[in-house]
Structures are given as C-alpha cells and as structure tokens.
Amino acid sequence: MGRRLQAYASDTITVTYDPTRCMHAAECVRGLPTVFDTSRTRWIQPQHADAAAVADVVRRCPSGALQFARADGEVEGVEHPPHVHLTRGGPLYVRGNITLTAADDRVFATGTRMALCRCGASQQKPFCDGSHRTSGFSGE
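Everything in the sequence shown is counted per our numbering, starting at 784 for the first residue and increasing by one.
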C-alpha cells in the first residue's frame with residue numbers, strides 16, 4: 784500500500800488524508816470546495832474555513848480516508864455500535880470503532896469509517912477505490 788498519510792494543519796484543526804483508503808466519492812470537494820480543492824498541489828487547506836465546518840465535512844467522507852483532530856481536543860467520535868451497510872453496486876460501508884485485522888492477526892487498519900471493496904477491481908484492496916463504477920459490478 785506504499786503511500787503515506789498526509790497531514791494538513793491550521794491553527795484550529797488538522798486534517799489527515801490516507802490515499803490508500805480514498806474511494807474518490809468527492810464528498811469533501813462538494814461539501815467545502817474552499818478547503819478541499821484537487822486543483823491545488825496542497826489540496827487540503829483547512830485555514831480557509833471554520834474548524835467546525837471542516838470537521839463536519841470530514842465526517843461525511845464515506846471511506847474514512849479523511850480524519851480530523853481539532854486544536855481544542857475534539858476528535859471524531861463513534862456515534863453508534865459497529866455495523867456494516869451493504870450498498871447496491873458499491874462497497875461495504877463499515878461504521879463504529881473498527882479494527883480490521885489480516886489473516887495473520889496483525890492490525891491492518893483502525894478507524895470509525897471504512898469502505899471495503901466488493902467488486903474485486905480495487906487497486907487498494909481491501910479498501911474500495913471507486914473501481915466498481917467502471918468495472919461493471921452490479922452486486923446487490
């Protein structure tokens with residue numbers, strides 16, 4: 784999985800981005816384009832909005848590729864027990880306090896949101912990278 788976690792900080796909030804987990808749903812870009820602008824080299828600039836607004840948009844990231852930590856100590860909390868949502872023609876959305884372990888029991892990933900591949904075409908397995916949109920997958 785080779786790509787590294789990226790961090791983008793302002794005085795009030797730090798947003799981290801894990802490209803290996805991104806499924807390119809663009810919730811961030813649609814939600815707050817002044818902060819999340821893929822046409823820029825440093826595509827996340829949290830200083831362009833209030834920390835609460837940035838945190839709200841980060842929470843909409845379906846894959847968990849985006850996370851935040853506010854300077855006031857607030858971090859993303861777990862709102863409900865772990866659960867899995869099967870999407871029509873798309874990934875498995877996993878929500879809650881999650882630990883994903885490999886077959887050899889090593890911790891592969893942790894977090895509160897994950898999108899796991901069902902189509903088999905993702906280049907970032909076990910995470911969805913959005914390949915289901917072009918792979919012809921139509922799983923129910």
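Note that the Cβ used here is the ideal one computed from N, Cα and C, for glycine as well. Note that the coordinates shown come from a computational prediction; the quantities given were computed from them, not determined experimentally.
Nearest-angstrom Cβ-Cβ length linking residue i and residue j, presumed shorter than 8 Å
i: CYS900; j: GLY922; result: Contact flag wrong, Cβ pair sits at about 11 Å.
i: PRO845; j: GLU810; result: 6 Å
Neighbourhood of residue i by C-beta, 7 Å cutoff - its chain only, sequence neighbours within 5 removed
i: TRP826; result: PHE819 and ASP820
i: VAL798; result: TYR791, ILE827, PRO829, VAL837, VAL841, LEU849 and PHE851
i: LEU815; result: ALA832, ALA836, VAL837 and VAL840
i: GLY785; result: Confidence at GLY785 is low in this model, with a pLDDT of 49, below 50, so its placement is unreliable and the value that follows should be read with caution. Cβ within range, chain order: n/a, list empty.
Proximity test, Cβ basis, 8 Å: residue i and chain C
i: GLY922; result: Of the protein chains in the structure, only one exists, and it is not chain C.
Bounding residues of the beta strand (DSSP E) (the contiguous stretch that carries residue i)
i: ARG901; result: First-last for ARG901: undefined, no H or E at that position.
i: LEU883; result: 875-884
i: HIS868; result: 866-869
Within 8 Å, strictly: CB atoms of residue i and residue j
i: VAL861; j: GLY879; result: yes
i: GLY872; j: PHE920; result: yes
i: ALA834; j: ARG853; result: yes
i: HIS863; j: TYR876; result: no
i: ALA803; j: GLU859; result: A small fix is needed here, since residue 803 is Thr in this sequence, not Ala. Result no, Cβ atoms of THR803 and GLU859 do not sit closer than 8 Å.
Delimiting residues of the alpha helix (DSSP H) encompassing residue i
i: ARG916; result: 915-918
8 Å Cβ shell around residue i - same chain, five flanking residues per side excluded
i: ASP912; result: CYS805, MET806, HIS807, CYS900, SER905 and GLN906
i: ASP794; result: GLN830 and ALA854
i: VAL890; result: THR882, LEU883 and THR884
Other residues of its chain near residue i: CB distance less than 6 Å, five sequence neighbours each side excluded
i: ALA892; result: LEU883
i: LYS908; result: CYS900
Which runs of the alpha helix (DSSP H) at least 4 residues long sit entirely within the stretch 793-854? Give them in chain order. DSSP runs (the alpha helix (DSSP H)) wholly in the stretch 793-854: 810-814 and 834-842.
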